[in-house]
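Worksheet for the structure shown next.
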Amino acid sequence: MNAMKELWEYFNEIMRLSYIGALLSWDQQVNMPKGSVKGRAEQLALMQNLIHSRVKSDKTGKLIKEAEKLESLSEIDLAMIREAKREYDQAIKIPNELVAKIAKISSLGHIEWEKAREKSDFSIFKPYLEKIIKLRIEFAEKLDKGPTLYSTLLDLFEPGVTYDYILKVFNGLKPKLVKIVNKLNSMSDKPNQSILKKHYDAEKQWQLSLEIIKKLNFDFNTGRQDKATHPFTTSLSSIDTRITTRIREDFLPDCLFSTIHECGHALYQMGFKEEIHDTLLAEGCSMGIHESQSRMWENVVGRSKEFWTYWYPIFQKTFPENLKNYPMEEFHRSINVVQPSFIRVDADEVTYGLHIILRFELEKMIIEDNLQASELPELWNTKMEELLGIVPPNDALGVLQDVHWTSGFGYFPSYSLGNLYAAQIYNHALKENPSLPQDYEKGEFSNLLNYLKEKVHQYGKIYRAPDLIQKITGEDLNPDYFIKYVEDKYYPIYGI
Ligand code: ZN
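Heads up: the sequence shown begins at 1273 in the numbering used here, then just goes up one per residue.
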């Protein structure tokens, strides 16, 4: 058997182990009794070890080396070698002791972060954050992908993307976004969410959520939806994708939009071409591209007027006590409120990017410019005022709100890149299929899905995100598409 074939098979086995781990974890979040955590944690750790020792084994290194020497490899073979090498390099460059140290301080840090946030007292978290920062810098130095330390960390989430790449994009975005938010905020007739905060029966919401994803072409033959505390998507093989949602009876958007969001992730996972099923390439191209899919369905499609032309009468029939006499126009405005707020996860799609830019700027200074943990709370607030015009009254609503730093740096930008990729890809989809919005009015969503399957989903991880966006749209990631999308959508909603 040639080394290439052997490499494919070897990593097939590693993927199967990771799917088994995913099943254990899905079960934990969906079905498992609360008291059973300890046993499950040990099983998950065992799976992790089995996978890790295979990835870093001499066999992996040998197969990669031999496969690289082969001639006339296909594009997919080359991508496979690239990804295998990426996994292998990381596994052998980072010493076990460092991995253990990071795991320990992360879980301790997580506990202390919770306490600190609850008491809104940064000093509780500070000593742990200091250690985490030190270890993460060491991690980046060891991994040493370059061109800079922060780029090395960003590359973990957005392969092939550097600090300079994101900086250029965010610099184009920042002033324009600030201007738009200020403009919307200065209008007198602002939409509000009061209609969404009435009582909506949980069972009816659940049934509707299933009906919606069915229409969006979620394949129930190879997927299912369940309830969980935190909505998520996971694959247990390339033909088994699970999503979860949660329901709040006093806030309609929670279940509705998290369902559509996760469905967007799932459609991606369900759309890989068979050739790469259950391989290292059967994953999203990057976190940002994955988010572009979920956010396109959630925001661009799911919060559009055309979408609600079809769904609103159904919602009115389901919840007549709240919606029977409530005009669709107003409902559409209520799900598109833009408002500067302290908490990132509650932010709308327009102000969201500014929350991310803040974190991106701070992370760069932490990793490369010796910014100290003690300086963070004040700098956070200064930047909030500069970007969103509001200052958090305490650290729980400021620097302490996100848990992410306990497990690393470099994750945040992907969220925002998701919005930007989505706008640019959707713009291109519209150019090729100008009647897409009219489809939604009829409850028809397969033309958009087919476009996405052809341009994005089928390839999985074969291409890097910067190459994929070039391949689809013929240009680099360009934030102007997002700006134009925001202006076209929100100015009419706000009467501008
Ligand atoms: Zn997501």
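Where is the CB? At the ideal position from N, CA and C, for every residue including glycine.
Does residue 1497 come out as helix, strand or coil in the three-state DSSP assignment?
In the sequence shown, residue 1497 corresponds to position 225, counting from 1. Correct three-state label for residue 1497: strand.
Run through the region 1507–1588 for me and flag every whole alpha helix (DSSP H) of 4 or more residues, listed as ranges in chain order.
1524–1541 and 1559–1567
Could you give the DSSP three-state label for residue 1505: helix, strand or coil?
For the purposes of this step, residue 1505 is identified with residue 233 of the sequence shown, where counting begins at 1. DSSP places residue 1505 in strand when its eight states are reduced to three.
Cβ of residue 1563 versus every heavy atom of the ligand ZN: is any distance shorter than 7 Å?
Residue 1563 sits at position 291 when you count from the first residue of the sequence shown. Yes; taking the cut-off as 7 Å, the Cβ of residue 1563 has a heavy atom of the ligand ZN nearer than that.
Once you ignore the five residues that flank residue 1401 on each side, which residues in its own chain have a CB closer than 6 Å to its CB?
Position 129 of the sequence shown, counting from 1, holds the residue named residue 1401. Taken in chain order, the residues that qualify are 1645.
Compare the Cα-Cα distances from residue 1633 to each of 1435, 1307, 1361 and 1371 and report the closest residue.
For the purposes of this step, residue 1633 is taken as the residue at position 361 of the sequence shown. The shortest C-alpha separation from residue 1633 is found at 1435.
Ordered along the chain, which non-local residues of its own chain (more than five positions away) have a Cβ less than 7 Å from that of residue 1362?
Counted from its first residue, the sequence shown places residue 1362 at position 90. Hits under 7 Å: 1415.
Could you pull the start and end residues of the alpha helix (DSSP H) that residue 1364 belongs to?
Locating residue 1364 in the sequence shown gives position 92, where the first residue counts as 1. It spans 1347–1365 - the alpha helix (DSSP H) in which residue 1364 sits, taken as one unbroken run.
Among 1359, 1298, 1427 and 1281, which has the Cα closest to the Cα of residue 1685?
By one-based count along the sequence shown, residue 1685 stands at place 413. Residue 1685 has its Cα closest to that of 1427, out of 1359, 1298, 1427 and 1281.
Report yes if the C-beta of residue 1566 is less than 7 Å from at least one heavy atom of the ligand ZN; otherwise report no.
The residue you call residue 1566 lines up with position 294 of the sequence shown. Yes; taking the cut-off as 7 Å, the Cβ of residue 1566 has a heavy atom of the ligand ZN nearer than that.
Would residue 1667 be called buried (16 or more neighbouring beta carbons within 10 Å of its own) or exposed?
Locating residue 1667 in the sequence shown gives position 395, where the first residue counts as 1. It is buried - the Cβ of residue 1667 has at least 16 other Cβ atoms within 10 Å.
By Cβ distance, which residues of its chain are closer than 8 Å to residue 1606, with the 5 residues on each side in sequence left out?
The sequence position of residue 1606 within the sequence shown is 334, counting from 1. For residue 1606, where only same-chain residues beyond five positions count, the Cβ hits under 8 Å are 1463, 1464, 1465, 1466, 1467 and 1468.
Buried or exposed: where does residue 1492 fall if 16 or more other Cβ atoms within 10 Å of its Cβ makes it buried?
In the sequence shown, counting from the first residue as 1, residue 1492 sits at position 220. By the 10 Å Cβ count, residue 1492 comes out exposed.
Tell me, to the nearest whole angstrom, how far the beta carbon of residue 1555 is from that of residue 1682; I am working on the premise that it is less than 8 Å.
Taking the sequence shown and counting its residues from 1, the one referred to as residue 1555 is at position 283. Taking the sequence shown and counting its residues from 1, the one referred to as residue 1682 is at position 410. Residue 1555 to residue 1682, Cβ: 18 Å. No contact.
Can you tell which of 1329, 1595, 1346 and 1353 has its C-alpha closest to the C-alpha of residue 1338?
Taking the first residue of the sequence shown as position 1, residue 1338 is located at position 66. With distances taken between Cα atoms, residue 1338 lies closest to 1353.
Between which two residues does the alpha helix (DSSP H) harbouring residue 1474 extend?
On the sequence shown, position 202 is the one that residue 1474 refers to. Segment 1474–1487, the alpha helix (DSSP H) holding residue 1474.
Does the ligand ZN have even one heavy atom less than 7 Å from the beta-carbon of residue 1537?
Sequence index remark: in the sequence shown, residue 1537 carries index 265 (1-based). Yes, Cβ of residue 1537 sits closer than 7 Å to a heavy atom of the ligand ZN.
Any idea if residue 1328 is buried or exposed, counting beta-carbon neighbours within 10 angstroms, 16 or more meaning buried?
Here the question's residue 1328 lines up with position 56 in the sequence shown. Residue 1328 should be labelled buried.
Give every residue of the same chain whose Cβ lies closer than 6 Å to the Cβ of residue 1816, excluding the five residues on either side of it in the sequence, and list them in chain order.
The structure shown does not extend to residue 1816, since the chain is modelled only from 1273 through 1768, so no value can be given for it.
Measure the C-alpha to C-alpha separation of residue 1504 and residue 1517 and round it to an integer number of angstroms.
Numbered from 1 along the sequence shown, position 232 holds the residue referred to as residue 1504. Numbered from 1 along the sequence shown, position 245 holds the residue referred to as residue 1517. Going from the Cα of residue 1504 to the Cα of residue 1517 covers about 7 Å.
Looking at the ligand ZN, does it come within less than 7 Å of residue 1533, judged from the CB to the closest heavy atom?
On the sequence shown, residue 1533 is found 261 positions in, with the first residue counted as 1. Within the cutoff, so yes.
How big is the Cα-Cα spacing for residue 1579 and residue 1698?
Locating residue 1579 in the sequence shown gives position 307, where the first residue counts as 1. Locating residue 1698 in the sequence shown gives position 426, where the first residue counts as 1. Cα atoms of residue 1579 and residue 1698: separation of roughly 15 Å, rounded to the nearest angstrom.
Can you tell me the Cα-Cα spacing of residue 1663 and residue 1534, whole angstroms?
Sequence index remark: in the sequence shown, residue 1663 carries index 391 (1-based). Sequence index remark: in the sequence shown, residue 1534 carries index 262 (1-based). Roughly 32 Å between the two C-alpha positions.
What are the start and end residues of each continuous alpha helix (DSSP H) run of 4 or more residues lying completely inside the region 1417–1451, in chain order?
1421–1426
Helix or strand or just coil, what does DSSP make of residue 1300?
Taking the first residue of the sequence shown as position 1, residue 1300 is located at position 28. Correct three-state label for residue 1300: helix.
Near residue 1656, what residues of its chain come up, given a Cβ to Cβ distance below 8 Å and the 5 sequence neighbours on each side ignored?
As a working mapping, residue 1656 is identified with position 384 in the sequence shown. Answer for residue 1656: 1614, 1630, 1662, 1663, 1664 and 1670, listed in chain order.
Contact check, residue 1581 vs residue 1483 under 8 Å by CB: the rounded distance?
Walking along the sequence shown from the start, residue 1581 turns up at place 309. Walking along the sequence shown from the start, residue 1483 turns up at place 211. So it is not a contact: roughly 16 Å between Cβ atoms.
Only counting the same chain, and skipping five residues up and downstream in sequence, which positions put a Cβ closer than 8 Å to that of residue 1595?
Working through the sequence shown from its first residue, we reach residue 1595 at position 323. Result list for residue 1595: 1467, 1584, 1587, 1588 and 1603, in chain order.
Please determine, among 1512, 1610, 1537 and 1749, the residue with the shortest C-alpha to C-alpha distance to residue 1295.
In the sequence shown, the residue the question calls residue 1295 occupies position 23. It is 1512 whose Cα lies nearest to the Cα of residue 1295.
Please state the DSSP three-state secondary structure of residue 1590.
As a working mapping, residue 1590 is identified with position 318 in the sequence shown. Helix, per DSSP.
Could you check the C-alpha separation between residue 1377 and residue 1410 for me, to the nearest Å?
For this step, residue 1377 is matched to residue 105 along the sequence shown. For this step, residue 1410 is matched to residue 138 along the sequence shown. Looking at the two C-alpha atoms, the distance is approximately 14 Å.
When the Cα atoms are used, what is the spatial distance from residue 1490 to residue 1496?
Residue 1490 sits at position 218 when you count from the first residue of the sequence shown. Residue 1496 sits at position 224 when you count from the first residue of the sequence shown. Whole-angstrom Cα-Cα distance: 9 Å.
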